[in-house]
Amino acid sequence: MRFRIFRYDPDKDEKPTMRDYDVALDPHDRMLLDALVRIKEQDDSLSLRRSCREGVCGSDAMNINGRNGLACITKLSDLKEPVELRPLPGLPVIRDLIVDMTQFFKQYHSIKPYLINEDPPPEKERLQSPEEREELDGLYECILCACCSTSCPSFWWNPDKFVGPAGLLQAYRFIADSRDQAAGERLDNLEDPYRLFRCHSIMNCVDACPKNLNPTRAIGKIKELMVKRSV
Amino acid sequence: MTPAKRTFDVVVVGAGGAGLRAALQLSEAGLNVAVLSKVFPTRSHTVAAQGGIGAALGNMGEDSWLWHMYDTVKGSDWLGDQDTIEFMCREAPKLVYELEHFGMPFDRNENGTVYQRPFGGHSQNFGERPVQRSCCAADRTGHAMLHTLYQRNVRARTRFFVEWMALDLIRDASGQVLGVTALEMETGDVMILQAGATLFATGGAGRMFHSSTNAFINTGDGLGMAARAGIPLQDMEFYQFHPTGVYGAGILITEAVRGEGGYLLNKNGERFMERYAPNLKDLASRDVVSRAMATEIKEGRGAGPQGDHLMLKLDHLGPEVIDKRLPGIREISKKFANVDPVKDPIPVVPTAHYMMGSIPTNYRSEVIAPRGADKEATVPGFYAAGECACASVHGGNRLGTNSLTELLVFGKSAADSAIRFLKENPGQKELPKDAADRSLARLARLDNQKNGESVSEVGMEIRRTMQAHCGVFRFPDMLVKGVKKIHEIADRATRTQIKDKSRVFNTARIEALELENTIEAARATMVGAAARQESRGAHDRADFHKRDDVNWLKHTLWYKEGDRLDYRPVHMKPLTVRTIEPKVRTY
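For the record, the sequence lines run as chains A and B. First residue of the first sequence: 1, per the working numbering; consecutive thereafter. First residue of the second sequence: 1001, per the working numbering; consecutive thereafter.
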């Protein structure tokens, strides 16, 4: 199978190049990551992040034939050759397929991604009904792979000012949690021309999410809450 | 050249469940903490845990920590230390409630309490009937827990050193641990991180087996560092094979599938676990189920054209239950087995999963390294928690859910112990002059190696050898050959060669350094297995078919230097309750 992979090592390359690889696959090689591991056996200088190899750790996000996805759950049989692999767009490249995610995590941290509840905790668990808990489905499963935010033009233009779909999904995850007491503060934190409102609902994030989550819907809910409290 | 140095109160190595729980405790105590991780914290392998956290909350019916303790001791085949097991089972409910207060999105019951599901080996009233003890968030409990703990650390402003790989422990002449050397992956720089206390939470070494549920990062780094620093590894021959890894892919299918009512079938469509464990059936301990599966395969009742796997049936649970309680499993099955479990059974096979052994610790998570006759002697300034620690709560076989319980309980206790130690031993001791020498020599060797073998080749040899010689069933001749082979491979591992010499994010170098850790875990496992002449828990010998409490009710200690073995007694005495006396183990 043929691959064309973005290569750049700042230690020795002046500029990035695309390098071709032909790999003989084993019948057991099912996913793109399996092929990348084989390529690395041939050429140990190919650098990428990977860990769980089952789509839950979020390490191996990359741009695959023009779409963001996780290498470990992208089936080789679904890919057109040559398979073109590039680092996630819009973030600085450290090396090869490895990007600098500082800005992405900075935005995640900016939404205070933790439960805020100032009441002294009860002796046992805080109670939450199954219906209240269901509100968190489709939100808490985010793996912070950045496929969504790095497919979003608004995030490309303003990664320092626009929270991006991943961060906003998590902002709503806490707003939606019946145990959280800081919804108002969280909305204040997003009441800004850039942080929330740079989302124009083009839904690239929904298309890119390897976990089938829907940041656009969550962003819509935040916007609704903003409107509700202003009237 | 001496590397740069930074000084902290505590250095935590690893940011999975145990590392994050420890870090939280330390940060909230106001200490100057550095948390090192090879990966961004939420990428740690805790994220892949599925089924739940064991704690006797009693939300679904009567339960008690004493029953949890009994199940854990029995599950361990009596090799577990009863003081640490008591400590864990007593502390567990408190730490689960605390995790809920942190924001963990647990599933809920109608009355608003945390939902708990049945799990293998967990019972009511000392083995009478299954109990619902596993606190879960669908089948993504580890993911939910890891993110919750990370989020809480964001709140506590914990300082992370992300994508830093610890290389070696620093010990002074007295044996006290004074920190670690580490490599910043992005720049290739080496640094000394000096610390009043050092806490390992580096996880397991599942990558030493060919067919494994474990992530690529689970390379036994803490074990390698400890072994090189003269600290023993304990009970490494006890390695858990999870009954249900996806056939051909190794991806974990949680025991929660059986907890929720799924069961295993052989090629004749027979629910064979009824023959092996008439009482708990498919919810017997993992070692029991994996052995039953291997027996079915060996005796020609395996499924598929090769007869080399079994089928996990759950379609009778219905799509509602599957989508609500096991959505991740449905996703994994479709992706990795081309099967929709709502309609068809999942092909599964026992798969290397969890290391019961590791760096020996006591219930305070202090690392133990016997000195002469003192088999309980601890290493000053050194703590370990999670899979890289052998507390030993799992003994010969871990019960499902107890790994997450362990992370919480011993992550916290390790931090508490470190805080106590720092109070009693304020200030930093002087570093030995050669503090970084071992690490620098390892890196220089890699840079200059000529005519060596590739890391992937030697790694493959380790995985093949461990799989073939040290699997579910162990045979004397294979073990003897295995020891010889693993020694040969260990020799080859000292001559690996990388082509990539870049300083920037050199993952070839990282993999070479990881291999030097994995080989120590593999050696300890093989040597310990060859020496232990009995069958107990996950260690099953064809030539010594029974448990032998007279000669082998003791912990194995393996030392890297000269492959030396030693033994220490099992703690049969709990902290406050009566000893659970060994008896025949049936389910």
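Every residue, glycine too, gets a C-beta built ideally from N, C-alpha and C.
Within 8 Å (strictly less), CB to CB, does residue i reach chain A?
i, result
"G1103 of chain B", "yes"
"E1516 of chain B", "no"
"H1588 of chain B", "Any question about residue 1588 of chain B goes unanswered here, given that chain B covers just 1001 to 1587."
"A1144 of chain B", "yes"
"F1209 of chain B", "no"
"V1039 of chain B", "yes"
"Y1097 of chain B", "yes"
"Q1116 of chain B", "no"
"W1502 of chain B", "Going by the sequence as given, residue 1502 of chain B is Ser instead of Trp. Output row for S1502 of chain B: interface = yes."
"V1527 of chain B", "no"
"R1108 of chain B", "yes"
"K1499 of chain B", "yes"
"E1100 of chain B", "yes"
According to DSSP, which residues form a beta bridge with residue i?
i, result
"N68 of chain A", "A:N63"
"E84 of chain A", "A:R4"
"C1135 of chain B", "B:I1053 and B:Q1116"
"H1539 of chain B", "B:R1536"
"P1082 of chain B", "At residue 1082 of chain B the sequence reads Gln, which differs from the Pro that was named. Per DSSP, none; premise fails for Q1082 of chain B."
"C148 of chain A", "Per DSSP, none; premise fails for C148 of chain A."
"D22 of chain A", "A:R2"
"W1558 of chain B", "B:L1233 and B:L1565"
"T941 of chain B", "Because chain B is modelled from 1001 through 1587, residue 941 of chain B falls outside the range shown and cannot be assessed."
"D1374 of chain B", "B:R1371"
"H1355 of chain B", "Reading off the sequence, residue 1355 of chain B comes out as Met, not His. Paired residue(s): B:Y1239."
"C1390 of chain B", "B:P1360"
"P1347 of chain B", "B:M1311"
"G1595 of chain B", "In the structure as shown, chain B starts at 1001 and stops at 1587, and residue 1595 of chain B therefore has no counterpart that could be examined."
"M31 of chain A", "A:K75"
Taking the alpha-carbon positions, what's the residue i to residue j distance?
i, j, result
"V1339 of chain B", "E1461 of chain B", "32 Å"
"S1076 of chain B", "P1319 of chain B", "35 Å"
"M1088 of chain B", "P1305 of chain B", "45 Å"
"L1310 of chain B", "K1573 of chain B", "40 Å"
"H1242 of chain B", "E1520 of chain B", "22 Å"
"R1495 of chain B", "G1459 of chain B", "12 Å"
"E1516 of chain B", "V1047 of chain B", "25 Å"
"G1224 of chain B", "I1359 of chain B", "10 Å"
"L85 of chain A", "A1023 of chain B", "37 Å"
"Y1247 of chain B", "A1352 of chain B", "12 Å"
"G1179 of chain B", "V1012 of chain B", "9 Å"
"V23 of chain A", "D96 of chain A", "18 Å"
"N1425 of chain B", "A1418 of chain B", "10 Å"
"F162 of chain A", "A1512 of chain B", "40 Å"
"K15 of chain A", "Y8 of chain A", "7 Å"
"D1491 of chain B", "D1287 of chain B", "32 Å"
"R2 of chain A", "R1291 of chain B", "42 Å"
"R1438 of chain B", "V1190 of chain B", "12 Å"
"D160 of chain A", "Q107 of chain A", "8 Å"
"G1222 of chain B", "N1402 of chain B", "21 Å"
"G1482 of chain B", "M1356 of chain B", "20 Å"
Taking 8 Å as the CB-CB cut-off, is residue i touching chain B?
i, result
"P16 of chain A", "no"
"G58 of chain A", "yes"
"I222 of chain A", "no"
"P130 of chain A", "yes"
"R195 of chain A", "no"
"R53 of chain A", "yes"
"E118 of chain A", "no"
"D78 of chain A", "no"
Any beta carbon of chain C sitting closer than 8 Å to that of residue i?
i, result
"E41 of chain A", "In the structure shown, chain C does not exist; the protein chains are A and B."
Touch test, the region 1359-1378 of chain B against the region 1143-1160 of chain B, Cβ-Cβ under 8 Å, three pairs minimum: no
Runs of beta strand (DSSP E) lying entirely within the region 1133-1168 of chain B, each at least 3 residues, in chain order: 1160-1162
Contact the region 1001-1013 of chain B vs the region 1114-1127 of chain B: 3+ CB pairs below 8 Å: No, the region 1001-1013 of chain B is not in contact with the region 1114-1127 of chain B.
Residue ranges of each alpha helix (DSSP H) within the region 79-145 of chain A, 4 or longer: Listed in chain order, the complete alpha helix (DSSP H) runs (minimum 4 residues) inside the region 79-145 of chain A are 102-110 and 130-134.
Inter-stretch contact at 8 Å, needing at least 3 Cβ pairs: the region 52-62 of chain A / the region 138-145 of chain A: yes
Cβ pair count under 8 Å reaching 3, the region 1394-1402 of chain B against the region 1524-1541 of chain B: Result yes; three or more Cβ-Cβ pairs closer than 8 Å.
Ordered list of alpha helix (DSSP H) runs contained in the region 1468-1496 of chain B, each at least 4 residues: 1476-1493
Validate contact between the region 180-189 of chain A and the region 204-219 of chain A using beta carbons, cut 8 Å, 3 pairs: no
Touch test, the region 1065-1079 of chain B against the region 1537-1551 of chain B, Cβ-Cβ under 8 Å, three pairs minimum: Verdict: yes, contact present.
Touch test, the region 1166-1174 of chain B against the region 1143-1151 of chain B, Cβ-Cβ under 8 Å, three pairs minimum: no
3 or more residues per run - each beta strand (DSSP E) lying fully within the region 1012-1077 of chain B: With a minimum length of 3 residues, the unbroken runs of beta strand (DSSP E) contained wholly in the region 1012-1077 of chain B fall at 1033-1037.
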